[in-house]
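According to the UniProt record's numbering, numbering within the sequence shown proceeds without interruption in unit steps and concludes at 362. Think of the CB as a built atom: it goes at the ideal place given N, C-alpha and C, for glycine as much as any other residue. Everything on this sheet refers to the single structure shown next.
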Amino acid sequence: MQIVQQHIQDHREEFLAAYRELRPIGRFEIEVRLDWRCNAKCKFCGVWKYSRDGMLPVSRWQELFDELAGLGLAHVLFTGGEPMLYPDFLPIIEHVDSLGVHTAIITNGSLLDEERVRRLAALKGLEQITVSLDSADPAVHDEVRKMRGLFRRATKGMARLRELAPHIRLVVNTVVSASTAATVKDLLTLPVTPDHLRVFPVGLDMAWLDSLSGVAENDWGPWADEAKTERLTDEAVAEVRGHLRELAERAAEAGVSVELDRLHHDGPFTGDCVVPMGHFVIQPDGDVYPCCHVQDEPNRIGRLATQSVAEMLAGDAYRSCLANLRPATLPACRSCSRYRSFNEEAGRLTMIGMPSVAGGPA
Numbered sequence: 001m002q003i004v005q006q007h008i009q010d011h012r013e014e015f016l017a018a019y020r021e022l023r024p025i026g027r028f029e030i031e032v033r034l035d036w037r038c039n040a041k042c043k044f045c046g047v048w049k050y051s052r053d054g055m056l057p058v059s060r061w062q063e064l065f066d067e068l069a070g071l072g073l074a075h076v077l078f079t080g081g082e083p084m085l086y087p088d089f090l091p092i093i094e095h096v097d098s099l100g101v102h103t104a105i106i107t108n109g110s111l112l113d114e115e116r117v118r119r120l121a122a123l124k125g126l127e128q129i130t131v132s133l134d135s136a137d138p139a140v141h142d143e144v145r146k147m148r149g150l151f152r153r154a155t156k157g158m159a160r161l162r163e164l165a166p167h168i169r170l171v172v173n174t175v176v177s178a179s180t181a182a183t184v185k186d187l188l189t190l191p192v193t194p195d196h197l198r199v200f201p202v203g204l205d206m207a208w209l210d211s212l213s214g215v216a217e218n219d220w221g222p223w224a225d226e227a228k229t230e231r232l233t234d235e236a237v238a239e240v241r242g243h244l245r246e247l248a249e250r251a252a253e254a255g256v257s258v259e260l261d262r263l264h265h266d267g268p269f270t271g272d273c274v275v276p277m278g279h280f281v282i283q284p285d286g287d288v289y290p291c292c293h294v295q296d297e298p299n300r301i302g303r304l305a306t307q308s309v310a311e312m313l314a315g316d317a318y319r320s321c322l323a324n325l326r327p328a329t330l331p332a333c334r335s336c337s338r339y340r341s342f343n344e345e346a347g348r349l350t351m352i353g354m355p356s357v358a359g360g361p362a
């Protein structure tokens with residue numbers, strides 16, 4: 001959200017007008033999930049269980065990106081599932097690149113073969129590739145991700161990126177869970193040293209699993225119960241914080257930056273959320289939600305399988321979403337960590353959502 005944050009900083013009055021009028025700010029960083037499929041079956045992630053009915057074809061994705069580029073699209077994060085399992089992933093990201101839009105990818109690293117890496121290296125706007133690695137111990141990583149050989153394949157892919165695409169920022173994304181907590185201190189011993197480490201504990205982000213217990217559809221209930229075993233206790237989170245402080249010190253000496261934002265937020269978020277004014281998530285079937293934490297039917301803001309982006313942004317569902325997040329009171333919002341710093345900075349810059357101006361600017 002750095003581009004949107006900078007836009008707000010540079011166009012404060014324009015942002016405040018958009019805030020009052022319940023409309024977007026004209027600059028977008030979006031998250032796109034092309035496919036729910038994943039060749040890993042991580043203990044703490046169930047997206048691979050989602051239905052693939054109605055997935056958008058490549059032609060519709062290209063139409064959407066053409067329209068979005070005309071509406072101020074600046075950045076697309078491709079994620080999933082495993083985004084590279086989508087049959088036309090490379091043609092799509094190459095199309096987005098041709099529009100002058102910056103991109104980033106989150107992947108489990110298993111499909112970073114030489115051909116893909118060479119094509120990705122040729123993209124002008126691909127800034128960052130994040131590889132998910134939860135432990136420097138291959139056995140621990142493969143077990144928690146439920147895929148034999150994944151660590152080996154992922155680190156080989158990282159080595160190819162270093163060789164063939166050294167200009168692309170390489171990030172390692174680590175989910176700290178009960179299975180991996182003891183090894184988090186060893187992340188700098190990975191075979192390939194990343195430019196950046198992004199670390200967060202499952203224990204702070206799993207409240208949504210409670211809603212899945214007892215749900216028979218797609219066998220969600222048993223999966224949710226298993227996933228909960230990866231939740232970190234308060235004592236474990238405290239121990240992990242200690243390990244990560246030491247890791248951050250060693251990383252600084254090695255020239256590796258570390259992102260620990262999700263460990264720094266204590267207490268519920270109670271301010272205004274302005275994230276959907278410059279961000280949203282598009283699912284594989286074209287359904288649109290305000291963020292990665294709020295993805296239920298009552299909070300859907302669009303259906304791009306049947307409507308244009310402009311129609312969505314002018315629609316009642318989108319405007320209601322913006323209004324309903326002032327302040328943000330959804331359960332997922334109160335425990336939010338991913339967008340909390342962004343919202344707090346937006347509030348500081350513009351004074352919206354601050355106690356002294358409750359309800360926002362007049």
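Practice problem: Please work out which residues of its chain come closer than 8 Å, Cβ to Cβ, to Asp186, disregarding the five sequence neighbours upstream and downstream, and give them in chain order. | Solution: Ser135, Ala136, Asp137
Exercise. Give the DSSP-derived three-state secondary structure of Val4 in the structure shown.
Key: helix
Quiz item: Hey, Ala154 and Gly109: beta-carbon distance below 8 Å or not?
Solution: yes
Quiz item: Starting from Glu259 and walking both ways along the beta strand (DSSP E), at which residues does that stretch end?
Solution: 257 to 259
Practice problem: Check the C-beta distance from Thr130 over to Ile105 and give it rounded, since I have them as a contact under 8 Å. | Solution: 7 Å
Exercise. Note down, in chain order, each residue of its chain lying with its Cβ closer than 7 Å to the Cβ of Leu64, except the 5 sequence neighbours on either side.
Key: Leu304, Val309
Quiz prompt | Glu217 versus Tyr50: straight-line alpha-carbon distance, rounded | solution = Caution is warranted here: a pLDDT of 48 is assigned to Glu217, below 50, making its placement in the model unreliable, and the coordinate value is therefore given only provisionally. Each residue's Cα considered, the two are about 10 Å apart.
Quiz item: Going by Cα to Cα distance, which pick from Val199, Ser59, Val258, Phe15 is closest to Pro87?
Solution: Ser59
Quiz prompt | Separation of Leu112 from Leu288, as counted between CA atoms | solution = In the sequence under discussion, the amino acid at residue 288 is Val, which differs from the Leu named in the question. Approximately 28 Å, taken between the alpha carbons.
Quiz item: Where DSSP assigns a beta bridge to Asp287, which residues make up the other side?
Solution: Arg303
Practice problem: Using three-state DSSP, classify Ser337 as helix, strand or coil. | Solution: coil
Quiz item: For Pro201, which residues does DSSP report across the bridge?
Solution: Val176
Quiz item: When the Cα of Glu29 is compared with those of Thr174, His102, Asp142, His95, which residue comes out closest?
Solution: His102
Self-check item: Local conformation of Phe78 per DSSP, three classes
Solution: strand
Quiz item: How about Leu161 and Leu170: are their beta carbons less than 8 Å apart?
Solution: yes
Self-check item: Rounded straight-line distance, which links the Cα of Gly46 to that of Ala40
Solution: 10 Å
Quiz item: beta strand (DSSP E) containing Arg148: first to last residue?
Solution: From DSSP, Arg148 is part of no beta strand (DSSP E); its letter is neither H nor E.
Quiz prompt | Assumed close pair Phe89, Leu34 - CB separation to whole angstroms, cut-off 8 Å | solution = 6 Å
Quiz item: According to DSSP, what are the bridge partners of Ala328?
Solution: Leu325
Quiz item: Is Val172 near Val184, with beta carbons less than 8 Å apart?
Solution: no
Practice problem: Can you have a look at Ser320 and say buried or exposed, based on whether 16 or more other CB atoms are within 10 angstroms of its CB? | Solution: exposed
Exercise. Could you check what DSSP says for Arg280 in three-state terms: helix, strand or coil?
Key: One detail in the question is off: residue 280 reads as Phe in this sequence, not Arg. Phe280 falls in the coil class under three-state DSSP.
Quiz item: How many angstroms separate the CA atom of Phe15 from the CA atom of Leu330?
Solution: 24 Å
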